[in-house]
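Trainee: Using our numbering, read the sequence shown as starting at 9 and increasing by one per residue.
Think of the CB as a built atom: it goes at the ideal place given N, C-alpha and C, for glycine as much as any other residue.
Since the model is a prediction, treat every value here as computed from it, not as a measurement.
Structure incoming, see below.
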Amino acid sequence: MRPGERGGRRTTAFRTGVLALWLGATGCVSAFSLGQDDAGPSDAGPSDAGPSDAGNDAGTPPAPSCPAPATLRVQSFPDQAREAMMSRIADMDSDGAADAMWANQLDQTIALWFGDGAGGFPERIALSSGRLNYFDVGDIDGDGDLDLVATNQDLNRITFIRGEGGRAFAAPVGIRQTGFPTNIALIDVDADGDLDILLNLRVEDCFAVRLNDGTGSFADRLCLAGLSGRSVWAVGDFDGNGRKELAALQAPDTRIDVFEFEDGAMRLAQSTPMPSAFNEASLMALDQDGDGRDELVATIARPDIGKVETRFGSYDADFGVTFCDAPYATGEVGGFGVTYGHLDGDGRPDAVGQTTCSFCASTYFVHTTR
Ligand SMILES: [Ca+2]
Ligand SMILES: [Ca+2]
Ligand SMILES: [Ca+2]
Ligand SMILES: [Ca+2]
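Below is the structure:
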């Protein structure tokens, strides 16, 4: 990619109407057959005006929603667990304050630190999860309490930990999942109102979906055509229409594609070039400004400056993803893969992270804006 291309890259985004097909376990392609009716909970078409599409008429993308650059205060918590792999931020006990979580592979736990809304975590528990590498949270059984799903890659298993209200969680339950499951996220793929699972099956080179029957019981996996090999991705409601999209990097991270799920089909909505410096990135979604529309958060390794930086970006149905010109935060290389959220109530994005290494005692990090 050419360094001087950044100003013009936004107008090179294209729209397609490609209906992806669902690829079965045997490799045979079939038309999607997710079986829900046409009227989803929010079936606004992709061409409907989004909440902030001002500027489209002039052929220029709307300005992205960018938080002012921050210097984050980093607190370190050494020797918390062995082989911490990744983290999440969510309000697990529904008390209005975001909570922080870490996946500890060797300890076979998810550490759950309940936030006090001011950047502190006075109560901490560990949930037994089996040997895991990734997890996500969402209400998989529709009872109003957030639940956890984790991939146990070595065990050919997905583990569910159901929330039972407040700070109570049920014992873990495993279901079989072959193919070395790694990255996992919850999203209502078929628009029937319940959260389904997206996950990478590394050995099978399959980007899979498992559909929820509404009770937290999941159908066998289907591989999504066109997504094999994608391991850097995030789900979020990037256009603010009430339904989540999938944003995924193309290898070798030169473009970012946004896929919509509607009427039981996956559709590539936009493909946008990534800035040339973004050659190694992780992605997540966060509504940084509280307008109901998720921003895309890219944490980028910058070997040219020996740092990691975080860029927020906004998605527009006509123009794709536009990243903010200035990084929100710049940190040490060990900060790669941090997870952003709102921890201290000042409306500015905070983050949690961890050191990751084999058989090591991991340090947890909490990055706050005050
Ligand atoms: Ca909480
Ligand atoms: Ca639940
Ligand atoms: Ca569903
Ligand atoms: Ca937003």
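#1: Could you tell me the distance, in whole angstroms, from the CA atom of Leu114 to the CA atom of Ala242?
#2: Thinking C-beta only, is Gln362 closer than 7 Å to Trp110?
#3: Can you have a look at Ala47 and say buried or exposed, based on whether 16 or more other CB atoms are within 10 angstroms of its CB?
#4: Just verifying my parser: in three-state terms, what is the DSSP assignment at Asp162?
#5: Nearest-angstrom Cα distance between Ile205 and Ala216?
#6: Determine the direct distance from the alpha carbon of Asp124 to that of Pro130, and round the result to whole angstroms.
#7: Could you tell me if the beta carbon of Asp101 falls within a distance shorter than 6 Å of some heavy atom in ligand 2?
#8: How do the segment 90-110 and the segment 65-80 stand: do at least 3 beta-carbon pairs fall below 8 Å, yes or no?
#9: Can you list the beta strand (DSSP E) stretches of 3 or more residues lying completely in the segment 169-231, in chain order?
#10: Indicate whether Ile280 and Gly328 have their beta-carbon atoms separated by less than 7 Å.
#11: Could you pull out every unbroken beta strand (DSSP E) segment of at least 3 residues lying fully inside the segment 61-122, listed in chain order?
#12: Just how far apart, CA to CA, sit Val346 and Leu80?
#13: Specify, as a first and last residue, the run of the beta strand (DSSP E) that Arg310 falls within.
#14: Under the assumption that Asp245 contacts Asp302 (Cβ atoms under 8 Å), give the Cβ distance between them as a whole number of angstroms.
#15: What residue does the beta strand (DSSP E) around Phe331 start on, and which one ends it?
#16: Only counting the same chain, and skipping five residues up and downstream in sequence, which positions put a Cβ closer than 6 Å to that of Gly237?
#17: Go ahead and pull the three-state DSSP assignment for Val341.
#18: Please state if the CB of Asp299 and the CB of Pro69 are separated by a distance shorter than 7 Å.
#19: Which residues in the same chain as Val341 place their Cβ atom closer than 6 Å to its Cβ, once the five residues preceding and following it in sequence are excluded?
#20: Which residue or residues does DSSP assign as beta-bridge partners of Asp155?
#21: Please report the distance separating the alpha-carbon of Ala105 from that of Leu163.
#22: With distances taken from each beta carbon to the nearest heavy atom of ligand 2, which residues come in below 7 Å, in chain order?
#23: Does DSSP put Leu291 in a helix, a strand or coil?
#24: Can you find a heavy atom of ligand 1 that lies under 6 Å from the Cβ of Ala126?
#25: Compute the beta-carbon to beta-carbon distance between Tyr336 and Pro357, rounded to the nearest angstrom, for a pair I have assumed lies under 8 Å.
#26: Look at the alpha carbon of Val211 and the alpha carbon of Glu270, and state the distance between them as a whole number of angstroms.
#27: Using CA atoms only, rank isn't needed, just tell me which of Thr377, Gly201, Cys332 and Thr338 is closest to Gly349.
#28: Pull up the DSSP beta-bridge partners for Tyr372, would you.
#29: Apart from the five residues on each side of it in sequence, which residues of its chain come closer than 7 Å, Cβ to Cβ, to Gly173?
#30: Any chance the segment 126-142 sits against the segment 87-98, with 3 or more Cβ pairs inside 8 Å?
#31: For Phe168, is the classification buried or exposed, using 16 other Cβ atoms within 10 angstroms of its Cβ as the cut-off for buried?
#32: Give me, in chain order, the residues of the same chain whose beta-carbon lies closer than 6 Å to that of Phe331; leave out the 5 immediate sequence neighbours on both sides.
#33: When DSSP builds the beta bridges, which residues end up paired with Gly244?
#34: Count the other CB atoms within 10 Å of the CB of Ile183; is the residue buried (16 or more) or exposed (fewer)?
#35: Measuring straight from C-alpha to C-alpha, what distance separates Arg263 and Gln296?
#36: For Val181, which residues in the same chain have their Cβ closer than 6 Å to its Cβ, ignoring the five residues on either side in sequence?
Mentor: For this structure:
#1: Stepping through the sequence shown from its first residue, residue 114 is reached at position 106. Stepping through the sequence shown from its first residue, residue 242 is reached at position 234. Whole-angstrom Cα-Cα distance: 25 Å.
#2: Position 102 of the sequence shown, counting from 1, holds the residue named residue 110. Position 354 of the sequence shown, counting from 1, holds the residue named residue 362. In this structure, the beta-carbon distance from Trp110 to Gln362 falls below 7 Å.
#3: Counting from 1 along the sequence shown, the entry for residue 47 is found at position 39. Reliability fails at Ala47, whose pLDDT of 28 lies under 50, so the model's placement of it is uncertain and no value is given.
#4: Residue mapping note: residue 162 aligns to position 154 of the sequence shown, counting from 1. Here Asp162 sits in helix by DSSP.
#5: Against the sequence shown, residue 205 aligns to sequence position 197. Against the sequence shown, residue 216 aligns to sequence position 208. Approximately 8 Å, taken between the alpha carbons.
#6: Working through the sequence shown from its first residue, we reach residue 130 at position 122. Working through the sequence shown from its first residue, we reach residue 124 at position 116. Whole-angstrom Cα-Cα distance: 7 Å.
#7: Your numbering for residue 101 matches position 93 in the sequence shown. Checking every heavy atom of ligand 2 against the Cβ of Asp101, none is found closer than 6 Å.
#8: Of all C-beta pairs linking the segment 90-110 to the segment 65-80, fewer than three are shorter than 8 Å, placing the two stretches out of contact.
#9: Taking only runs of at least 3 residues, the beta strand (DSSP E) segments lying wholly in the segment 169-231 are 181-184, 189-195, 204-209 and 214-218.
#10: Within the sequence shown, numbered from 1, the residue matching residue 280 stands at position 272. Within the sequence shown, numbered from 1, the residue matching residue 328 stands at position 320. The displayed chain sequence assigns Thr, not Ile, to residue 280. Contact: yes.
#11: Correct list: 81-90, 92-98, 107-112 and 117-122.
#12: Looking up residue 346 in the sequence shown gives position 338. Looking up residue 80 in the sequence shown gives position 72. Cα-Cα distance, rounded: 12 Å.
#13: On the sequence shown, residue 310 is found 302 positions in, with the first residue counted as 1. Element bounds for Arg310: Glu303 to Arg310.
#14: Counted from its first residue, the sequence shown places residue 245 at position 237. Counted from its first residue, the sequence shown places residue 302 at position 294. The pair is a contact, with the Cβ atoms about 5 Å apart (cut-off 8 Å).
#15: Counted from its first residue, the sequence shown places residue 331 at position 323. Taken as a continuous stretch (DSSP letters only), the beta strand (DSSP E) holding Phe331 covers Gly328 to Phe331.
#16: The residue you call residue 237 lines up with position 229 of the sequence shown. The beta carbon of Gly237 sits closer than 6 Å to the beta carbons of Ala259 from its chain, once the five residues preceding and following it are set aside; these are given in chain order.
#17: The count along the sequence shown starts at 1 and reaches residue 341 at position 333. Helix at Val341.
#18: Your numbering for residue 69 matches position 61 in the sequence shown. Your numbering for residue 299 matches position 291 in the sequence shown. In this structure, Pro69 sits away from Asp299, with a CB-CB distance that is not shorter than 7 Å.
#19: Mapped onto the sequence shown, residue 341 falls at position 333. Cβ within range, chain order: Val316.
#20: Looking up residue 155 in the sequence shown gives position 147. Answer by DSSP bridge pairing, in chain order: Gly146.
#21: On the sequence shown, residue 105 is found 97 positions in, with the first residue counted as 1. On the sequence shown, residue 163 is found 155 positions in, with the first residue counted as 1. Counting only the Cα atoms, Leu163 lies some 34 Å from Ala105.
#22: One residue after another in chain order, those with a Cβ under 7 Å from a heavy atom of ligand 2 are Asp147, Ile148, Asp149, Gly150, Asp151, Gly152, Asp153, Leu154, Asp155, Arg170 and Gly171.
#23: Locating residue 291 in the sequence shown gives position 283, where the first residue counts as 1. DSSP places Leu291 in strand when its eight states are reduced to three.
#24: Within the sequence shown, the letter at position 118 stands for residue 126. No - ligand 1 has no heavy atom lying nearer than 6 Å to the Cβ of Ala126.
#25: Taking the sequence shown and counting its residues from 1, the one referred to as residue 336 is at position 328. Taking the sequence shown and counting its residues from 1, the one referred to as residue 357 is at position 349. Rounded, the Cβ-Cβ distance is 7 Å, consistent with contact.
#26: Taking the first residue of the sequence shown as position 1, residue 211 is located at position 203. Taking the first residue of the sequence shown as position 1, residue 270 is located at position 262. Taken atom to atom, the span from the alpha-carbon of Val211 to that of Glu270 is near 28 Å.
#27: If you number the sequence shown from 1, residue 349 lands on position 341. Nearest C-alpha to Gly349 among Thr377, Gly201, Cys332 and Thr338: Thr377.
#28: Here residue 372 is taken as the residue at index 364 of the sequence shown, counted from 1. Paired residues: Phe85 and Gln362.
#29: One-based indexing of the sequence shown puts residue 173 at position 165. Take Gly173, set aside five residues on each side of it, and the residues of its chain with a beta-carbon closer than 7 Å to its own are Asp153, in chain order.
#30: Because the criterion of three Cβ pairs below 8 Å is met, the segment 126-142 and the segment 87-98 touch.
#31: Residue mapping note: residue 168 aligns to position 160 of the sequence shown, counting from 1. Counting Cβ neighbours within 10 Å, Phe168 comes out buried, since at least 16 surround it.
#32: Taking the sequence shown and counting its residues from 1, one reaches residue 331 at position 323. Only Arg319 and Gly321 meet the Cβ criterion.
#33: Along the sequence shown, one-based indexing puts residue 244 at 236. In DSSP, Gly244 forms a bridge with Glu253.
#34: Indexing the sequence shown from 1 puts residue 183 at position 175. With fewer than 16 other CB atoms across the displayed protein chains lying within 10 angstroms of its CB, Ile183 is exposed.
#35: The residue you call residue 263 lines up with position 255 of the sequence shown. The residue you call residue 296 lines up with position 288 of the sequence shown. Rounded to the nearest angstrom, the gap between the Cα atoms of Arg263 and Gln296 is 23 Å.
#36: Taking the first residue of the sequence shown as position 1, residue 181 is located at position 173. If you ignore the 5 residues before and after Val181, its C-beta comes within less than 6 Å of the C-beta of Phe168, all in its own chain and listed in chain order.
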